[in-house]
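J.: Numbering-wise (my numbering), the sequence shown opens with residue 11 and increments by one.
Cβ atoms here follow ideal geometry from the backbone N, Cα and C, with glycine treated the same way.
Quantities reported herein were computed from a predicted structural model and do not represent experimental measurements.
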Amino acid sequence: MSKLRVHSNWEHTVLVCTKCSKKLDGGFGPKGKQSLAKALRKHLGLKKGRKAEAGIVEVKCMGVCPRGAVTVIDAGGPGEWLLVPKGADLDGVAEELGLGRG
Ligand code: FES
């Protein structure tokens with residue numbers, strides 16, 4: 011029988027709209043050129059894939075489409091979505107999403 015489960019180290023899962031990120035042409039990171047998902051991963055020093063302590067997953071448009079911001083969902087508390095403004099402080103964003111520094 012094939013294996014039906016794999017282990018993951020993720021303690022948190024965050025969904026980030028990839029289309030919002032494209033519209034901002036990056037918008038985050040030291041030079042403002044990285045997408046929010048990439049900048050957050052780097053900022054937190056996350057490993058790759060399921061070996062990371064948290065999953066930051068880029069997803070399709072979620073229908074909010076804020077101007078100058080990126081829609082983000084904390085999968086642990088999906089009742090309220092975050093609209094992260096371009097260039098927002100990544101420590102603050104991580105804190106809001108419950109992503110401690112790795
Ligand atoms: S483009 Fe990001 S929510 Fe629609």
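1) Keeping to the same chain, check which residues put their C-beta closer than 7 Å to that of G112; ignore five residues upstream and five downstream.
2) Kindly list the residues whose CB is nearer than 8 Å to the CB of G86, restricted to its own chain and excluding five residues on each side of it in sequence; keep chain order.
3) Considering only heavy atoms of ligand 1, does any lie closer than 7 Å to the CB of T23?
4) Quick check on DSSP: helix, strand or coil for G97?
5) Which residues does DSSP pair with V80 in a beta bridge?
6) Using the C-alpha atoms, what's the distance from I83 back to V67?
7) Nearest to R77 by CA position, among S18, W20, C27, is which residue?
T.: In short:
1) Bear in mind that the predicted position of G112 carries a pLDDT of just 46, short of 50, making it too unreliable to give a figure here.
2) H22, T23, G108
3) no
4) coil
5) V94
6) 10 Å
7) C27
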